[in-house]
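Under my numbering, residues 65 to 316 are what the sequence shown spells out, in order.
Using N, Cα and C, we set each Cβ at its ideal position, and we do this for glycine too.
Just so we're clear, the structure is a prediction, and the values are computed from it rather than from any experiment.
Single-structure report; data block below.
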Amino acid sequence: MESTATLSAPETDAEALLGIEDGRPRGGRANEIRAALQEEIEAGKLPPGCPLDERQLAVRFQVSRTPVREALQQLAARNLVRIAPRQGVTVSRLSISQLRAIMEGIGELEATCAKMAARRVDDDLRRAIDEALQGCQDAAVEGGTEEYAQANARFHDVIYRGCRNPYLADLIRNARRQIHRYRLRDFVTKAQINQSLQDHRKVARAIQDGDEAAAAREMLLHVPSGSTGFSEFLASIPMHLFEAEPDSRPLP
65 MESTATLSAP ETDAEALLGI EDGRPRGGRA NEIRAALQEE IEAGKLPPGC
115 PLDERQLAVR FQVSRTPVRE ALQQLAARNL VRIAPRQGVT VSRLSISQLR
165 AIMEGIGELE ATCAKMAARR VDDDLRRAID EALQGCQDAA VEGGTEEYAQ
215 ANARFHDVIY RGCRNPYLAD LIRNARRQIH RYRLRDFVTK AQINQSLQDH
265 RKVARAIQDG DEAAAAREML LHVPSGSTGF SEFLASIPMH LFEAEPDSRP
315 LP
């Protein structure tokens, strides 16, 4: 996605002084602002297409515009915001085809991760999976949407570590960051939570049994990248959050 543009006019000397008033280097403040905004984007608090005003952010974080501008550039490098000439800064939107492509990739990577975890399973991983699965079950019975979402993330993270391939695990985490802002209505109903829990049990059993083929198959079924799963997932997302599909007509 496009991410190159100028943000605003140079700051004044007074604004420049604000950037070092708290004694922290400007780069440190920029990283803090980037982290805070990234968390809000990935959580859906700043939804796709939401405008980000540099001046308002400077007031909010009590800094000059320079660290805000640097933070926005960092987010643009991560494809989380779009900086467009004369249009300002907005949280990046994906097209439906882009979202499908990312989710298909995640599904295949998750399946490979589960397969490798099954190949390398040991008693420590079996125990860790049991604990993560129990956390999912407790959240499903006693918690709500947020509690189950956190338990779900911990379950998958155990498998990422269990595959013993940090490169693969980082690929999955980075890809998931791109779609977190679209998972706005995960685990809203008890039916969704129960289905996820049943999927987790099947994945866990296959990995603990060392069954590579079953682990990959069950994980691929768990991730909504297929036609039916993706359609159901898509139906839960407001259409205005998507970017228009690029014009694919051939050039004359």
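Going by alpha carbons, who is nearest to PHE219 out of GLY208, LEU232, PRO230 and LEU189? By alpha-carbon distance to PHE219, the top candidate from GLY208, LEU232, PRO230 and LEU189 is LEU189.
Is it the case that the Cβ atoms of LEU136 and LEU158 are separated by a distance below 8 Å? Cβ distance not < 8 Å, so LEU136 and LEU158 don't count as in contact.
The beta strand (DSSP E) that contains THR154, what's its start and end? Under the DSSP assignment, THR154 falls in the beta strand (DSSP E) whose first and last residues are 152–155.
Relative to the alpha-carbon of PRO112, which residue among ARG191, LEU163 and ALA122 has its alpha-carbon at the smallest distance? Ranked by Cα distance from PRO112, the options ARG191, LEU163 and ALA122 are led by LEU163.
Do you know offhand how far ARG124's Cα is from GLU307's? Spanning the two alpha carbons is a distance of roughly 28 Å.
Quick one: using the 10 Å Cβ neighbour count with 16 as the cut-off for buried, is SER295 buried or exposed? Taking all protein chains in view, the Cβ of SER295 is surrounded by fewer than 16 other Cβ atoms within 10 Å, so the residue is classified as exposed.
Quick one: any contact between the segment 229–246 and the segment 276–290, if contact means 3 or more CB pairs under 8 Å? Touching, no.
Please list the terminal residues of the continuous alpha helix (DSSP H) segment that includes VAL267. First-last of the alpha helix (DSSP H) with VAL267: 254–272.
What three-state label does DSSP hand LEU116 in the structure shown? The answer is strand: DSSP assigns LEU116 an E or B state.
Let's see if you can read the secondary structure: which residues bound the alpha helix (DSSP H) around ILE170? For ILE170, the uninterrupted alpha helix (DSSP H) run begins and ends at 160–183, by DSSP.
Quick check: the segment 237–251 against the segment 205–219, are at least 3 beta-carbon pairs closer than 8 Å? Because the criterion of three Cβ pairs below 8 Å is met, the segment 205–219 and the segment 237–251 touch.
Go through its chain and collect everything with a Cβ distance to ILE257's Cβ below 6 Å, but skip five positions before and after it. For ILE257, where only same-chain residues beyond five positions count, the Cβ hits under 6 Å are ALA204, TYR212 and PHE251.
Grouping DSSP H, G and I as helix and E and B as strand, with all else coil, what is GLU85? Because GLU85 carries a pLDDT of 42, less than 50, the predicted location of this residue cannot be relied on, and no value is offered for it.
Since GLU174 and MET283 are thought to touch, with beta carbons under 8 Å apart, how far apart are those beta carbons, to the nearest angstrom? Your pair GLU174 and MET283 checks out as a contact, with CB atoms roughly 5 Å apart and the cut at 8 Å.
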